[in-house]
Every structure is written in C-alpha cells, then in structure tokens.
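Below you'll find the structure, written out as structure tokens, and then a few comments.
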Amino acid sequence: MNKNKIPLYSFIVGVLSIVFVLVVIILFPSLQITAVTKNIVLAVLLFPWIIFIISLLFVRKK
2 MNKNKIPLYS FIVGVLSIVF VLVVIILFPS LQITAVTKNI VLAVLLFPWI
52 IFIISLLFVR KK
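Under the working numbering, think of the first position of the sequence shown as 2, with each following residue one higher.
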C-alpha cells in the first residue's frame with residue numbers, strides 16, 4: 002500500500018463507517034444497546050479519523 006494514500010483510505014473508511022451506523026439507526030430505531038456497546042461503537046468510529054489526522058501530520062507529499 003502506498004503511504005501517500007493512507008489519509009485517503011482512512012477518510013473513506015471513516016465516512017463509510019458513519020454512514021453504516023446511520024443506516025443501522027434508521028433501520029432499527031428501537032434497538033437497545035448498553036453503555037459498553039455504545040463506547041465500543043464510538044471507539045470504532047473514531048479510529049479511522051485518528052489514523053487520518055496522524056497520517057496527515059506524518060505523511061510527506063512529494
């Protein structure tokens with residue numbers, strides 16, 4: 002994988018994960034989840050954005 006493409010990939014994964022969660026929320030409005038599950042979902046949603054920000058800081062453009 003090209004290191005210059007890491008920000009692009011992490012951005013796409015971040016956007017798609019948010020869209021997926023929104024679709025699940027819309028399709029299953031009565032879904033009951035615990036606080037632990039909410040925290041796990043938030044961590045999974047934040048992970049691509051953390052990678053995106055870090056890769057923007059450290060990946061050099063040619």
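Every residue, glycine too, gets a C-beta built ideally from N, C-alpha and C.
In terms of alpha-carbon separation, which member of the options lies closest to residue i?
i	options	result
Leu23	Lys6, Asn5, Arg61 and Leu43	Leu43
Val16	Trp50, Ser56 and Leu32	Trp50
For residue i and residue j, which I take to be in contact (beta-carbon distance under 8 Å), what is that distance rounded to the nearest angstrom?
i	j	result
Lys4	Val60	6 Å
Going by the beta-carbon positions, is the gap between residue i and residue j smaller than 8 Å?
i	j	result
Ile7	Ser56	yes
Phe53	Ser18	no
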